[in-house]
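**Q**
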Ligand SMILES: Nc1ncnc2c1ncn2[C@@H]1O[C@H](COP(=O)(O)OP(=O)(O)OP(=O)(O)O)[C@@H](O)[C@H]1O
Ligand SMILES: Nc1ncnc2c1ncn2[C@@H]1O[C@H](COP(=O)(O)OP(=O)(O)OP(=O)(O)O)[C@@H](O)[C@H]1O
Ligand SMILES: O[C@@H]1[C@@H](O)[C@H](O)OC[C@H]1O
Ligand SMILES: [Mg+2]
Ligand SMILES: [Mg+2]
């Protein structure tokens with residue numbers, strides 16, 4: 001039945017068949033490890049709060065329109081709440097408005113939506129996270145010399161934020177460090193490897209490389225190991241088995257990790273609260289952490305990195 | 001007169017021909033209906049006004065691209081560039097309207113012109129420089145992708161200050177019924193495409209070139225010129241697709257588009273147009289595009305895991321084309 | 001002999017024939033050399049042992065895929081599935097070795113077999129069910145993509161506990177000189193591919209089918225069988241590509257691969273193989289693949305912005321194929 | 001004196017490795033039929049392609065209606081009033097008959113924006129009425145038989161109302177009654193003052209239709225003669241530079257009774273109806289009939305090229321299942337199709353590859369090609385069949401039509417098939433080569449091979465066959481021993497004997 005008058009406190013009239021509240025989660029992707037970890041956290045919460053969820057996202061973070069279609073289809077399923085990681089918040093406004101009109105609570109995650117509609121946002125401050133990477137890089141190379149960036153995407157929000165967060169921090173705080181090159185590997189491990197090797201070839205005096213997501217960081221690690229430049233400082237982003245291994249065996253100096261499991265968990269939790277008419281916290285900062293050989297086994301870190 | 005002429009075999013081939021065409025569209029249409037019935041039974045959320053509009057809306061851009069691709073494929077060509085050229089057109093429209101401050105209508109025309117130009121360039125590469133369509137448009141795909149990023153500065157261009165712009169796709173010119181214009185544009189372009197293909201000289205030469213290019217050339221037809229025209233027309237469709245896309249997203253997204261060419265081609269082929277050229281219909285393409293989006297939407301509504309969705313779409317493409325193959329065999 | 005034949009210009013055709021083939025490779029080879037010289041002048045860091053090895057290494061995967069694609073394209077087919085099938089092969093190898101605990105060699109063979117199976121299935125769809133190669137392999141692309149995610153649980157499979165595995169690509173069996181095996185595998189597969197194409201019955205039928213499939217069938221050749229064999233062989237190349245990929249990354253990455261098919265096809269075509277079938281060489285493909293990676297590497301070393309890299313690669317593809325077109329015209 | 005329409009002088013043209021034309025002379029008057037004659041590869045088609053703007057000459061002059069002209073492309077030739085019926089069919093198969101005929105000249109309506117299909121069909125019907133051609137303007141070309149397609153080509157060329165009409169072997173696919181009506185058309189055009197260039201290998205036609213003839217040999221000009229002042233034999237010796245014998249009957253004596261092939265009650269749609277016949281060892285069995293009689297269909301069905309609905313095939317008394325050409329070839333059957341470019345040859349490959357393709361098992365050892373043997377066999381065939389080529393490495397697409405045909409024959413001789421089906425084996429083949437092929441067929445039969453020869457040329461049927469089967473509309477309407485009682489008239493009667 002058409003449910004524009006559906007009450008957001010009535011758990012029984014949702015899209016789910018077995019009476020549980022249903023939360024549709026539209027993410028930015030589904031293939032990446034990162035998103036799988038978000039999904040894992042979401043599922044954890046779903047189990048805990050006894051709700052049903054679906055989790056989907058477009059194949060690449062450029063597919064703004066595909067994400068709109070997913071959101072559209074999600075709306076048509078009459079969910080009790082929506083979790084949404086906007087690839088482009090402007091483009092999504094009208095659909096979010098529709099959700100709001102239909103009294104479907106929306107929880108934003110991963111990055112914010114420039115609108116009042118989301119009741120809560122569970123996200124990482126990507127610029128701050130990348131700035132932390134810049135500080136660590138500066139510290140490790142003695143605040144001078146050449147560094148480069150292998151970024152995962154030229155256009156997506158996280159790609160831009162991490163690149164710019166890093167670059168701006170260096171420019172502002174470390175005048176003796178130059179960023180000699182920024183290449184994009186699309187998050188493809190192989191392409192990132194070849195890109196990082198080309199950078200090292202072009203800039204023999206290079207002291208460090210920042211890889212802006214898992215694929216990029218692993219690419220840099222591969223490159224360093226293929227050409228035996230163990231002297232380079234490699235700072236990565238996200239986690240995953242290969243980054244953890246690389247940090248343990250010294251190929252990577254350290255990495256920034258977000259808390260994807262936490263993001264997923266908090267998103268669902270906030271959604272459940274909203275469904276139940278409870279007050280939700282507007283900004284849920286799930287945090288980010290720098291981890292390296294020394295703190296990788298700490299409890300706080302071990303909780304947020306994922307294999 | 002004497003009865004010296006060759007004997008006419010006494011059956012009316014023309015009727016058979018019409019029938020076979022009808023069967024083709026009937027088959028594709030039949031699959032579409034079956035899919036719709038299936039999903040309607042499987043989920044109560046599927047067959048609802050909002051969702052049907054959603055499906056049509058999600059068909060509109062790929063559908064418009066597929067209409068243009070139909071022309072190219074009937075000439076026995078292929079166009080791998082439609083996805084990124086579409087993006088380039090949105091970006092150009094964005095630049096015209098937001099950076100250069102031109103009126104919306106000029107920006108729209110500029111976007112369409114961009115598509116036509118890209119089409120013409122591909123057409124020239126193919127016709128004059130004899131570069132195979134696959135390669136010429138593969139190169140064009142890359143060039144358009146790069147240029148879209150260069151021109152936009154690798155950042156989306158927003159039309160938020162130009163309220164009327166988004167109305168192009170999301171407004172509704174029919175009062176009372178809330179059908180977004182994007183859908184009307186799609187169907188309108190289908191009608192125009194059908195007329196061009198079936199009633200004009202352009203369509204005639206589209207079929208002739210696809211059927212036997214050399215014979216067409218030997219008949220004194222300036223095949224090169226017509227190929228360029230046909231690619232330009234397809235480019236116009238691509239441009240319109242780009243504008244609808246931009247209006248729908250209220251922004252020109254410079255990184256979007258790659259991969260759309262394959263969806264457009266799949267829609268055309270599912271609709272019964274032959275990749276070997278000479279045969280095809282606009283109606284078929286419309287149905288093909290609808291099949292693709294009903295399938296995607298239905299699987300989503302059923303919450304089929306995404307990786308399985310991909311598998312199912314692949315299998316359906318195989319199946320749809322196979323029924324078409326069988327039908328053609330039987331018709332022979 | 002009587003002087004009945006047309007007046008022959010006295011020259012040995014065989015020599016001309018060989019020469020024309022040689023010219024083609026010379027042209028492509030010439031472009032490669034020019035690119036290398038250009039980049040060497042533009043950057044002192046380009047022409048160095050490490051970088052050359054880097055370029056060869058970055059050619060290896062795409063190069064191996066392109067070798068297989070050469071066969072398909074000579075039959076006048078096309079294979080859009082190589083990218084994702086490659087990924088599926090790495091994933092299967094990962095499952096065999098890490099989940100099922102089979103010996104590395106068995107896992108490798110399993111991966112290759114996966115490629116051969118995917119190729120055979122595409123071949124059967126094309127030969128028996130008469131689905132056009134573009135569509136059959138487009139569907140296969142989607143199916144393989146979905147299956148790779150399903151089988152891997154959308155998570156990478158790591159070979160970190162299997163030290164020997166990464167040696168397949170990154171070890172160096174030639175003592176003293178540090179040339180990674182991946183490069184040797186690429187060149188080794190090229191030699192094998194060349195032998196199959198030129199010295200065996202498989203190669204002969206590859207050319208015959210591409211030249212005139214119906215005439216070949218009417219000569220009593222089991223065209224269906226041979227097509228399936230040829231697609232399976234291409235699948236073996238894809239499988240080997242997948243293993244080299246996995247060994248280099250020391251993991252099977254289930255979300256990679258799409259887009260590689262176009263790079264492979266571009267390499268084949270730049271190397272002078274005609275998309276209309278019947279013509280092509282392995283050496284050309286090797287050179288074509290090298291041109292692509294020299295270009296990418298060189299532009300990166302020069303720190304050309306990414307978006308312009310894309311534009312340049314597109315333009316080079318156009319240019320390379322155009323010189324080939326001119327050469328063919330002259331040869332006629 | 002007749003008005004000169006055209007004068008071509010000193011025309012030369014070289015292709016890589018071949019001087020196709022050297023210093024050729026040709027002229028044409030208003031209102032004459034001028035035959036252009038020569039063996040395969042003599043350069044006839046090349047000369048005509050130069051005249052119609054398809055090829056550009058290397059040297060020479062073309063004077064048309066008194067002015068020296070250049071012909072850059074086909075469009076320009078058409079505008080000048082020169083049209084051509086090509087030797088190869090050149091139709092868009094997915095378009096209708098009418099759409100093909102008026103392609104590029106479509107009638108329009110509605111501000112000249114839209115096509116007027118009705119008018120187009122009317123125009124075509126008018127043209128057909130005028131030419132006494134009975135075809136449906138709205139029918140798709142792909143549904144037409146080769147012969148009908150040829151009629152469409154003819155109608156198309158005639159629709160230009162040109163001053164010069166070139167016909168490059170227009171009758172190759174036509175039967176006698178169609179040829180008659182074509183000749184009526186030609187005579188009408190001639191009296192209207194059109195100049196007609198007529199290329200044909202059918203010598204018997206020349207006396208009926210041609211006023212003058214120009215003979216070429218090996219790309220050179222041999223001479224121009226007045227048809228009334230010369231005999232066919234004289235022309236032939238101009239063409240080949242030697243004497244040729246013609247018109248004799250086959251010797252019946254070395255025919256054995258042993259049945260090699262038995263075909264029982266074949267059926268396939270409306271094209272093959274209850275066809276049964278036997279083929280004996282050492283026999284040449286002629287298949288006669290009008291266009292569309294179903295002979296090609298029968299041949300393709302026996303060969304496994306098309307699936308059968310019902311019927312049995314026995315080879316040497318043993319029932320065989322022929323589902324694919326492969327089965328037929330393995331049972332010792334070889335098939336030489338009537339359309340060699342589409343079904344017989346790999347045009348982009350060389351002679352040696354084409355000759356070996358049906359016998360690859362013989363040229364491989366455990367998968368490896370034995371290139372030496374392939375070369376040897378190809379050279380043997382080039383010599384035996386007198387294929388005119390610079391070498392066995394020549395691409396087949398660069399050979400003339402007749403020599404291409406010989407390559408196909410070489411393919412099946414290499415395979416050493418016992419049963420050979422020749423579908424129109426001499427279509428488009430010159431008199432010299434024809435004679436060689438006849439000799440060859442006789443030799444093969446004498447060696448004990450059994451031959452089915454489909455032919456639309458009754459003289460050829462009568463000259464070559466031991467027995468003749470006549471078909472009409474998919475049925476066998478007669479089976480005749482080729483003896484004194486047989487005649488062209490008798491065959492024609494059977495060929496038009498419609499049943500039901
Ligand atoms: N495109 C081409 N490339 C190379 N050689 C060619 C080409 N076209 C024709 N030739 C050669 O030119 C010569 C003349 O060929 P042409 O087709 O004019 O002969 P023809 O007299 O029409 O023969 P036929 O009676 O067999 O049709 C032949 O030796 C042929 O092989
Ligand atoms: N492609 C086609 N589509 C439809 N009908 C066809 C086609 N080809 C042939 N036919 C029909 O099949 C029947 C048999 O044709 P077939 O070619 O076997 O005759 P044939 O005796 O060999 O004569 P021809 O001299 O034309 O080769 C005819 O009625 C013909 O019109
Ligand atoms: O934020 C995400 C990042 O962490 C992941 O690795 O790649 C995709 C990004 O959007
Ligand atoms: Mg000729
Ligand atoms: Mg026939």
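Chains as they are written, first to last, in our numbering: chain A, 1 to 307; chain B, 1 to 332; chain C, 1 to 332; chain D, 1 to 500.
Backbone N, C-alpha and C fix where the C-beta goes; we use that ideal spot for every residue, glycine too.
Predicted model, so just to flag it, every value in this text is computed and none were measured.
Given the structure, does residue 45 of chain D come close to ligand 1, in the sense that its CB is under 6 Å from one of the ligand's heavy atoms?
**A** Position 45 of the fourth chain, counting from 1, holds the residue named residue 45 of chain D. Because some heavy atom of ligand 1 lies under 6 Å away, the Cβ of residue 45 of chain D counts as near it: yes.
**Q** In chain order, what residues of the segment 157–176 of chain B put their CB closer than 7 Å to some CB of chain A?
**A** For the segment 157–176 of chain B, which is checked against every Cβ of chain A, the residues closer than 7 Å are 158, 160 and 170.
**Q** Could you check how far apart the C-beta atoms of residue 202 of chain A and residue 166 of chain A are, in whole angstroms? I think they sit under 8 Å.
**A** Reading the first chain from its first residue, position 202 is the one you call residue 202 of chain A. Reading the first chain from its first residue, position 166 is the one you call residue 166 of chain A. Contact doesn't hold; Cβ gap of about 19 Å is too wide.
**Q** Assuming residue 253 of chain B and residue 113 of chain A form a contact by the criterion Cβ under 8 Å, report the distance between their Cβ atoms to the nearest whole angstrom.
**A** Numbered from 1 along the second chain, position 253 holds the residue referred to as residue 253 of chain B. Numbered from 1 along the first chain, position 113 holds the residue referred to as residue 113 of chain A. No, residue 253 of chain B and residue 113 of chain A are not in contact; Cβ-Cβ is about 16 Å, not under 8 Å.
**Q** When the cut-off is 7 Å and only beta carbons count, does residue 130 of chain B lie next to chain C?
**A** On the second chain, position 130 is the one that residue 130 of chain B refers to. True, the Cβ-Cβ gap to chain C drops below 7 Å.
**Q** Enumerate, from N- to C-terminal direction, the unbroken alpha helix (DSSP H) stretches of 4 or more residues contained entirely within the segment 179–219 of chain B.
**A** With a minimum length of 4 residues, the continuous alpha helix (DSSP H) runs that stay inside the segment 179–219 of chain B are 181–199, 201–211 and 213–218.
**Q** Which word fits residue 100 of chain C, buried or exposed, when buried means at least 16 other C-beta atoms lie within 10 angstroms of its C-beta?
**A** Numbered from its first residue, the third chain carries residue 100 of chain C at position 100. Exposed, by the Cβ-count rule.
**Q** Using only the heavy atoms of ligand 1, determine whether one of them is closer than 6 Å to the beta carbon of residue 402 of chain D.
**A** Locating residue 402 of chain D in the fourth chain gives position 402, counting from the first residue. It does: the Cβ of residue 402 of chain D is within 6 Å (strictly closer) of some heavy atom of ligand 1.
**Q** For the alpha helix (DSSP H) that contains residue 253 of chain B, what are its first and last residues?
**A** On the second chain, position 253 is the one that residue 253 of chain B refers to. No alpha helix (DSSP H) holds residue 253 of chain B; DSSP gives it neither H nor E.
**Q** Relative to the alpha-carbon of residue 32 of chain C, which residue among C/122, C/148, C/280 and C/271 has its alpha-carbon at the smallest distance?
**A** Taking the first residue of the third chain as 1, we reach residue 32 of chain C at position 32. Here the closest residue by C-alpha is C/271.
**Q** I want to check one thing, is the minimum distance from the CB of residue 18 of chain D to the heavy atoms of ligand 1 below 6 Å?
**A** Translated into positions along the fourth chain, residue 18 of chain D becomes position 18. Yes, since a heavy atom of ligand 1 falls inside the 6 Å radius drawn around the Cβ of residue 18 of chain D.
**Q** Which word fits residue 78 of chain D, buried or exposed, when buried means at least 16 other C-beta atoms lie within 10 angstroms of its C-beta?
**A** Stepping through the fourth chain from its first residue, residue 78 of chain D is reached at position 78. Per the 10 Å Cβ criterion, buried.
**Q** Would residue 474 of chain D and residue 273 of chain D qualify as a contact pair, given that the criterion is a beta-carbon distance under 7 Å?
**A** As a position in the fourth chain, residue 474 of chain D is number 474, starting the count at 1. As a position in the fourth chain, residue 273 of chain D is number 273, starting the count at 1. It is a contact, given that the beta carbons lie within the stated cut-off.
**Q** Given that residue 208 of chain C touches chain D, what residues does it touch there, using C-beta distances under 8 Å?
**A** Within the third chain, the letter at position 208 stands for residue 208 of chain C. 346, 349, 353 and 357, listed in chain order.
**Q** Of the choices D/383, D/368 and D/42, whose alpha-carbon is the least far from that of residue 198 of chain C?
**A** Taking the third chain and counting its residues from 1, the one referred to as residue 198 of chain C is at position 198. The shortest Cα separation from residue 198 of chain C among D/383, D/368 and D/42 belongs to D/368.
**Q** Grab me the residues of residue 206 of chain C's own chain with a C-beta within less than 6 Å of its C-beta, minus the 5 sequence neighbours each way, in chain order.
**A** Mapped onto the third chain, residue 206 of chain C falls at position 206. Same-chain partners within the cutoff: 71, 74, 75 and 230.
**Q** Can you give me the start and stop residues for the beta strand (DSSP E) that residue 154 of chain B sits inside?
**A** As a working mapping, residue 154 of chain B is identified with position 154 in the second chain. Segment: none, residue 154 of chain B is in no beta strand (DSSP E) and carries neither H nor E.
**Q** Determine the direct distance from the alpha carbon of residue 274 of chain C to that of residue 285 of chain C, and round the result to whole angstroms.
**A** Counting from one through the third chain, the residue named residue 285 of chain C turns up at place 285. Counting from one through the third chain, the residue named residue 274 of chain C turns up at place 274. The straight-line gap from Cα to Cα measures roughly 11 Å.
**Q** Going by beta carbon distance, what residues of the same chain come within less than 6 Å of residue 55 of chain D, once the five residues before and after it are set aside?
**A** Working through the fourth chain from its first residue, we reach residue 55 of chain D at position 55. Closer than 6 Å at the Cβ level, and outside the excluded window around residue 55 of chain D, lie 49.
**Q** Between residue 260 of chain B and chain C, is the shortest Cβ-Cβ distance under 7 Å, so that the two count as touching?
**A** Counting from one through the second chain, the residue named residue 260 of chain B turns up at place 260. No, residue 260 of chain B lies away from the interface with chain C (no Cβ there is under 7 Å from its Cβ).
**Q** Measuring only the C-alpha atoms, how far is residue 107 of chain C from residue 68 of chain C?
**A** Residue 107 of chain C sits at position 107 when you count from the first residue of the third chain. Residue 68 of chain C sits at position 68 when you count from the first residue of the third chain. One C-alpha to the other measures close to 21 Å.
**Q** Would you report the Cα separation of residue 145 of chain A and residue 206 of chain A, rounded to the nearest angstrom?
**A** Here residue 145 of chain A refers to the residue found at position 145 when the first chain is read from its first residue. Here residue 206 of chain A refers to the residue found at position 206 when the first chain is read from its first residue. Cα to Cα, residue 145 of chain A sits roughly 7 Å from residue 206 of chain A.
**Q** List the DSSP bridge partners of residue 54 of chain A.
**A** Sequence index remark: in the first chain, residue 54 of chain A carries index 54 (1-based). Its beta-bridge partners are A/24.
**Q** Quick check on residue 129 of chain D: does DSSP put it in helix, strand or coil?
**A** The residue you call residue 129 of chain D lines up with position 129 of the fourth chain. Residue 129 of chain D falls in the helix class under three-state DSSP.
**Q** When we look at the beta-carbon of residue 245 of chain D and count the other beta-carbons within 10 Å, is it buried (16 or more) or exposed?
**A** Locating residue 245 of chain D in the fourth chain gives position 245, where the first residue counts as 1. Note that residue 245 of chain D scores a pLDDT of 48, beneath 50, so its modelled location is shaky; the value from the coordinates is reported in the next line. Exposed.
**Q** Among B/262, B/276 and B/232, which has the Cα closest to the Cα of residue 124 of chain B?
**A** Here the question's residue 124 of chain B lines up with position 124 in the second chain. Comparing Cα positions, the closest option is B/232.
**Q** In whole angstroms, give me the CA-to-CA distance for residue 65 of chain B and residue 160 of chain B.
**A** As a first step, residue 65 of chain B must be located in the second chain, where it is residue number 65. As a first step, residue 160 of chain B must be located in the second chain, where it is residue number 160. Approximately 25 Å between the Cα atoms of the pair.
**Q** Strictly below 7 Å CB to CB, what residues from chain C border residue 343 of chain D?
**A** Stepping through the fourth chain from its first residue, residue 343 of chain D is reached at position 343. Residues of chain C passing the Cβ test: 214, 215 and 218.
**Q** Kindly identify the DSSP beta-bridge partner or partners of residue 183 of chain A.
**A** The residue given as residue 183 of chain A occupies position 183 in the first chain. DSSP output for residue 183 of chain A lists A/150 as bridge partner(s).
**Q** Under 8 Å, with one C-beta from each stretch per pair, do the segment 273–284 of chain D and the segment 164–175 of chain D reach the 3-pair mark?
**A** Touching, no, given that fewer than three Cβ pairs across the two stretches are closer than 8 Å.
**Q** With a cut-off of 7 Å, does the C-beta of residue 205 of chain B fall near any C-beta of chain C?
**A** If you number the second chain from 1, residue 205 of chain B lands on position 205. Chain C contact via Cβ: absent.
**Q** In the DSSP assignment, find the alpha helix (DSSP H) that holds residue 113 of chain C and state where it starts and stops.
**A** Your numbering for residue 113 of chain C matches position 113 in the third chain. 104–127 is the span of the alpha helix (DSSP H), which, as asked, contains residue 113 of chain C.
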